[in-house]
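K.L.:
For the record, the sequence lines run as chains A and B. Position in the first sequence (from 1) plus 14 gives the number in the numbering used here. Position in the second sequence (from 1) plus 854 gives the number in the numbering used here. Heads up, the beta-carbon is just placed ideally off N, CA and C, and yes, glycines get one too. Please see the structure below; I have some questions.
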Amino acid sequence: MSLVGMRASELGVGRCREAARLLPGAAAGLLLAALVAQVLLPLYLPLLGLLDVVLLTVVYVALLRRNALVGMLFGMAAGLAQDSLTHGPLGLFGIINTIIGYSASSISLFLEADYPGARSVLAAGFFLVHQLLYWMMSAALLGSEIVADLPRTLMLAAVHAGLALLLYQLFDRLKRAP
Amino acid sequence: MLELFERYRNVTALIAAVGLQLILLGYQVRRDDDMTMLRSWTVGAVLPLERGLHLSFDSVSSVWRNYVWLVGAREENAGMRRELDVLRLQNQELRREMERSSRREQLVGYQSEIESETVIAEVISVGASRDSREVFVDRGQRDRVRPGMAVLTPEGIVGKVQASYPRAALVLLINDADAAVGVVLGGSRVRGVMKGRGGVECFVDYVSREVEVEVGERIYTSGDDRIFPKGLPVGEVVRLAEGGAFQSIWVRPYARLDRLDDVLIVSSGVHQQLPASPLPQTPGALMPLPPPDAEAFISSGPAFPGLPAESQLNEANKLKRRYRAVAEAQGMRIGVAELGDPAPDFNSSPTPALEPLPVDEAATPAPAQ
């Protein structure tokens, strides 16, 4: 078997850093809480509508589980649920979050993503990827007109990095004891 | 083959997942099928929780204001201070209640004022996408709310119902990038299409550059989209920009789209008249009145001397003469009125009765002997 074809656990990566697990039902609970926060909080403070809590949750679970399939499936579920709460067709956020979940899980095999700083930077990076994919897919698949505001997007990425720093500390309390 | 699949298992799964969703997406776009069942499940799972939290927040904050905070006040202050704090809190509570009831009262007043049948709904949450402008309201299929119904406030229109679920409905706001509304400019009565841009302001398209538009001009619904009844206030022009073939008109909606509380859903719309134009567009240059030759017949006498003048009038001139008499009987003169003057009532009969035109006796030929 070639080196490319070997799984991460066979390369020894998985042995160095065991994949953490959440308490039973915690991932589903986190997703539900993220969806509720996404639709409820902007009602009280409209500025919070600029945040994508669902994306941050997908990145957290994917980085934590270090399993591309789990990350992908979680991303897909989160994205389709998010699609259901919008007026757009189902699948737009589904595809984006599937790719984000898969990528985050794959990256966590090769990067030490347990440090708060690293997770925060990754969250900002994935926010930018998410936005880029959203623009591309909206234009390519739905024919929507794209209004790309790059400075605003970069600023929002920094805000998401800060939010990830706080949220992920909170989410870590739901980890299962080793 | 199996080894190959095993080697690229994750990538294959990713491609399959993305591919399936692409097919799902393509199916919806092509068939215009909204996959209502999946949406209903998600809305059914999220909204009750959200509604519960919404009520819990209100209850907790109410308990905190009315009990916990009072206990703290009692410990810290005595006598008049405590009473003052209680009164202040009660005052705040009453003010809030008053504002809420005033808003609701305003809404109910507006509801009875407009001819369209409406249902009052409360905004309970916003949509899940950062890039969309949409809200959920607490009325749905059980209240006979259907997709395509217009949503408005006394200030102006808000959006349209995009999807309806048993106990909630999703409303697409007019400033969403996918929203468009048929509008008419208040001054010139020229029609256009207002599109959302995702921000606070909206954009009116398809208005010719020759139309004179002014900042501050009011915009109303035209009814052309068959969603919003005609004549509802939309917003006012805030700026104009140089565009291409059409004018670039930016409009700020009257409705506070970022602070929606209670709204009206139009269950049965009735078009209404546009209000009188606050900015009448008078022509830049008015031509002078035509010279009096057109009226030479009546003013200078019959063309064929000798014959009775009355018999030489054609039907048009007879009618014209009658209308002139009617106007003069009402103290007005045709052709000299200013813009804005009331028009004569041509249905009333002229008084006094029309006198026959004089016969030009000097020019009358002698009867044949």
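Among the residues of its own chain, which have a CB less than 7 Å from the CB of A/A175, if the five just before and after it don't count?
P.N.:
So the list reads S134, V135, A137, A138, once near-sequence residues are dropped.
K.L.:
Chain B partners of A/S98, CB-CB under 7 Å?
P.N.:
Those are L892, R893, T896, V897, listed as they occur along chain B.
K.L.:
Please give me, in chain order, every unbroken run of the alpha helix (DSSP H) with length at least 4 that falls completely inside the stretch 96 to 137 of chain A.
P.N.:
Runs of the alpha helix (DSSP H) inside the stretch 96 to 137 of chain A: 106 to 124.
K.L.:
With 9 Å as the threshold, decide whether the Cβ of A/A82 is near any Cβ in chain B.
P.N.:
For A/A82, the answer is yes, since a Cβ of chain B falls inside 9 Å of its Cβ.
K.L.:
Taking a contact to mean a Cβ-Cβ separation below 9 Å, would you say B/G1002 touches B/C1056 in this structure?
P.N.:
Not closer than 9 Å, so no.
K.L.:
Select from B/R863, B/R950, B/V1067, B/P1196 the residue whose C-alpha is nearest the C-alpha of A/S120.
P.N.:
If we check each option's Cα against that of A/S120, B/R863 comes out closest.
K.L.:
Please list, in chain order, all residues of the same chain as B/A1148 whose beta carbon is under 6 Å from its beta carbon, the five residues on each side excluded.
P.N.:
Because the pLDDT at B/A1148 is just 48, under 50, the model does not fix this residue reliably, and the value given afterwards should be weighed accordingly. If we look at B/A1148 and ignore the five residues flanking it on each side, it has no Cβ neighbours.
K.L.:
I'd like to know whether the C-beta of B/G981 is nearer than 9 Å to at least one C-beta of chain A.
P.N.:
Yes, its Cβ sits closer than 9 Å to a Cβ of chain A.
K.L.:
B/M1048 bridges to which residues according to DSSP?
P.N.:
Looking at the DSSP assignment, B/M1048 forms a beta bridge with B/V1035, B/V1058.
K.L.:
Would you list, in chain order, the members of the stretch 157 to 172 of chain A that have their beta-carbon closer than 8 Å to a beta-carbon of chain B?
P.N.:
Residues S158, E159, V161.
K.L.:
Can you check DSSP and say which residues form a bridge with B/P1196?
P.N.:
BP columns for B/P1196 are empty, so no partner.
K.L.:
Beta-carbon of A/T71 versus every beta-carbon of chain B: anything under 9 Å?
P.N.:
Not one chain B Cβ lies under 9 Å of A/T71.
K.L.:
In whole angstroms, what is the alpha-carbon distance linking B/A975 and B/R987?
P.N.:
Distance between the alpha carbons of B/A975 and B/R987: 18 Å.
K.L.:
Provide the residue span of the beta strand (DSSP E) that contains B/Q1016, from first to last.
P.N.:
It spans 1011 to 1018 - the beta strand (DSSP E) in which B/Q1016 sits, taken as one unbroken run.
K.L.:
What are the boundary residues of the beta strand (DSSP E) that includes B/A975?
P.N.:
Counting along the chain, the beta strand (DSSP E) containing B/A975 begins and ends at 971 to 980.
K.L.:
On the premise that A/I109 lies in contact with B/V872, defined as a C-beta separation below 8 Å, what is that separation, rounded to the nearest angstrom?
P.N.:
Their Cβ separation, rounded to whole angstroms, is 5 Å, which keeps B/V872 and A/I109 in contact under 8 Å.
K.L.:
Can you list the residues of chain A that B/E904 reaches, using a CB-CB cut of under 7 Å?
P.N.:
Within chain A, the residues near B/E904 are V50, V53, L54.
K.L.:
In chain A, which residues lie less than 9 Å from B/S986 when you measure between Cβ atoms?
P.N.:
Result: T100, H101, G102.
K.L.:
Quick check: does the Cβ of B/I1119 come within less than 8 Å of any heavy atom belonging to the ligand MG?
P.N.:
Looking at this structure, you won't find the ligand MG or any other ligand, since it has none at all.
K.L.:
What does the Cβ neighbour count give for B/V1054, buried or exposed, with the cut at 16 atoms within 10 Å?
P.N.:
B/V1054 should be labelled exposed.
K.L.:
Can you tell me where the alpha helix (DSSP H) holding B/L948 begins and where it ends?
P.N.:
It spans 934 to 967 - the alpha helix (DSSP H) in which B/L948 sits, taken as one unbroken run.
K.L.:
Could you give the distance in angstroms between the alpha-carbon of B/Q882 and the alpha-carbon of B/D939?
P.N.:
B/Q882 and B/D939: Cα-Cα distance of roughly 58 Å.
K.L.:
So, helix, strand or coil for B/R1080, using DSSP?
P.N.:
In this structure, B/R1080 counts as coil in the three-state DSSP scheme.
K.L.:
What's the gap between the Cα of A/L6 and the Cα of A/V73?
P.N.:
With chain A represented from 15 up to 192, any question about residue 6 of chain A goes unanswered, as that position is not in the structure.
K.L.:
Under a CB-based cut-off of 9 Å, is B/G1098 close to chain A?
P.N.:
No, its Cβ sits nowhere closer than 9 Å to a Cβ of chain A.
K.L.:
Quick one: any contact between the stretch 1101 to 1112 of chain B and the stretch 999 to 1017 of chain B, if contact means 3 or more CB pairs under 8 Å?
P.N.:
Touching, yes, given that three or more Cβ pairs across the two stretches are closer than 8 Å.
K.L.:
I need the boundaries of the alpha helix (DSSP H) containing A/P60, first residue and last residue.
P.N.:
Counting along the chain, A/P60 falls outside any alpha helix (DSSP H), and DSSP gives it neither H nor E.
K.L.:
Would A/A76 pass as a contact of A/A118 if the rule is Cβ separation under 9 Å?
P.N.:
Contact flag set, yes.
K.L.:
Of the choices A/A95, A/L179, A/R35, whose alpha-carbon is the least far from that of A/A52?
P.N.:
The sequence given here has Gln at residue 52 of chain A, not Ala. A/Q52 has its Cα closest to that of A/A95, out of A/A95, A/L179, A/R35.
K.L.:
Among B/V1061, B/L943, B/E953, whose alpha-carbon lies nearest the alpha-carbon of B/W918?
P.N.:
Minimum Cα distance to B/W918 is reached at B/L943.
K.L.:
Rounded to whole angstroms, what's the CA-CA distance from A/R187 to B/M934? Just pull it up for me.
P.N.:
Taking the straight line joining both Cα atoms gives about 46 Å.
K.L.:
According to DSSP, what are the bridge partners of B/L1026?
P.N.:
In the DSSP output, where bridge partners are listed per residue, B/L1026 has B/E988, B/K1014.
K.L.:
Which residue comes first and which comes last in the alpha helix (DSSP H) that contains A/G176?
P.N.:
From DSSP, the alpha helix (DSSP H) with A/G176 extends over 164 to 185.
K.L.:
Anything in chain B within Cβ reach of A/I121, meaning under 7 Å, just list it in chain order.
P.N.:
Within chain B, no residue comes near A/I121; the closest Cβ sits about 13 Å away, beyond 7 Å.
K.L.:
For a cutoff of 9 Å on Cβ pairs, would you count B/P1134 as touching chain A?
P.N.:
Low confidence applies to B/P1134: its pLDDT is 48, below 50, so where it sits in the model is not reliable, and the reading given next is rough at best. No - not a single Cβ of chain A is within 9 Å of the one on B/P1134.
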